[in-house]
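Structure first, commentary second.
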Amino acid sequence: KIQVKESMQVWQSIQKAASGQDANDDKPKDPAAYLSKKEAQALISGYGIALGDCRKAQKRIDSCISDDDCAKASLDLTLCMGKIVCPIQHTSFTKALIDDDDGSSSKIDTSLERLSECVVL
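If you use our numbering, the sequence shown corresponds to residues 479 to 599, in order.
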């Protein structure tokens, strides 16, 4: 029941954000930012799948003790969620890991930053 309530809150938040509405403003700021019903449903569906698939990674965050363990758990959750809700950024990150021939981590860092931004937003 809690997950259903959270999903409904996320759905309402997505609808407000997609229509450019502020929580205190009923008028759309940017009509071009509106998601179609089909797009919004796909987004919510992906989010619901991610919540289920990434439950183990979330439990690791909930139970981590050291900063190192929490950082690793956070990365695991970001990668798990990103695979579902941000597939383009997840693919870019994976490709950066594979293509890291010169040992430079700048591409990896940049792609991880983009993936994290996508998951958080």
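Glycine included, every Cβ here is placed at the ideal spot set by N, Cα and C.
DSSP-derived helix/strand/coil call for residue i
{"i": "residue 578", "result": "coil"}
{"i": "residue 543", "result": "coil"}
{"i": "residue 529", "result": "helix"}
{"i": "residue 521", "result": "helix"}
{"i": "residue 552", "result": "helix"}
{"i": "residue 593", "result": "helix"}
Classification of residue i by the beta-carbon crowding that lies within 10 angstroms, buried from 16 upward
{"i": "residue 544", "result": "exposed"}
{"i": "residue 594", "result": "buried"}
{"i": "residue 479", "result": "For residue 479, the predicted model reports a pLDDT of 46, less than 50, meaning its position is unreliable and no value from the coordinates is stated."}
Length of the line joining the Cα atoms of residue i and residue j
{"i": "residue 585", "j": "residue 516", "result": "34 Å"}
{"i": "residue 527", "j": "residue 575", "result": "25 Å"}
Inter-stretch contact (C-beta, 8 Å, three-pair minimum) for the segment 527-534 and the segment 553-560: yes
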